[in-house]
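Numbering (the working numbering), first residue to last: 1 to 65. By construction, the Cβ of each residue, glycine as well, lies at the ideal position given by its N, Cα and C atoms.
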């Protein structure tokens, strides 16, 4: 298998796992409470920034290899 394809597959699996953990699974645990939309929007913004930083780090790391 080509190294570039392997990096793309691993990156997509990492991003998919990250998004499913923080965007899908965690809000399901809090459905019994009344949602605070400002806090949810802030959390989603922070998670998006973290995901972008991780993706950028992986991209830069793959370019220097």
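- Put simply, the backbone Cα of residue 63 is about 12 Å away from that of residue 3.
- Rounded to the nearest whole angstrom, the C-alpha separation of residue 56 and residue 43 is 20 Å.
- DSSP places residue 36 in the coil class of the three-state scheme, outside both helix and strand.
- Where residue 18 is concerned, the enclosing alpha helix (DSSP H) starts and stops at 3-19.
- At the C-beta level, residue 51 and residue 18 come within 8 Å of one another.
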